[in-house]
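The sequence shown begins at 1 in full-length UniProt numbering and counts up by one.
Glycine residues also receive a C-beta, built at the ideal position from the N, C-alpha and C atoms.
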Amino acid sequence: MTEQPLSHNHDDTTRPLRPAILSGLRGKCPACEKGPLFARFLKPAKSCAGCGEALDGHEADDFPAYIVILLLGHILVPVMIEVNHAFDIPLLWQSIIWPVMALLLAVAMIQPTKGAVIGLQWARRMHGFAAALPEEKDAAPLRR
């Protein structure tokens, strides 16, 4: 059996990772950092209003939710333990406070996290971002 090299059909030129993720966290287009990334709360725009970059090629799926759950666990559990040791809060109140806190934090964190994942996918040319636009080859690279 002979080994065959893996092949792919996209351009290997790298896009800057950090600016793409940061602009995604801010809800901005990873290509130009100006246009809005989302048309609605978690629905990415079809294309950037600023530069025309197609944004609907992402496949973020459940990954942002997994990241949010992981972060919430690392944030809330130590806080819950410390509050439990410092104050004598009845269990009924705790059963109301902590789920509400988790829900509010999850809602606040999910859109920036999804934007960061989309920025990561754009920077690494993953999924629908693999094909480079013709004018991108002539454009100056983003700052790093």
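- A distance below 7 angstroms between beta-carbons, with the five flanking residues on each side excluded, links residue 45 to the following residues of its chain, in chain order: 36, 37, 38, 39 and 55.
- Rounded to the nearest whole angstrom, the C-alpha separation of residue 119 and residue 108 is 18 angstroms.
- Collapsing the DSSP output to three states places residue 54 in a strand.
- Between the alpha carbons of residue 79 and residue 18 lies a gap of roughly 30 angstroms.
- Assignment of residue 90 by DSSP, reduced to helix, strand and coil, places it in the coil class.
- In the pairwise beta carbon analysis, the stretch 66 to 74 is classified as not touching the stretch 121 to 131: fewer than three pairs are separated by under 8 angstroms.
- Residue 21 counts as buried, since no fewer than 16 other beta carbons sit within 10 angstroms of its beta carbon.
- Per the C-alpha coordinates, the member of 27, 99 and 111 positioned closest to residue 77 is 99.
- A straight-line Cα-Cα distance of about 6 angstroms links residue 68 and residue 106.
- Counting C-beta atoms within 10 angstroms of its own C-beta, residue 53 has 16 or more neighbours from the protein chains shown and is therefore classed as buried.
- Counting along the chain, the unbroken alpha helix (DSSP H) around residue 18 starts and ends at 17 to 25.
- A residue is called buried once 16 or more other Cβ atoms fall within 10 Å of its Cβ, and residue 28 is buried on that count.
- Rounded to whole angstroms, residue 111 and residue 104 show a C-alpha spacing of 12 angstroms.
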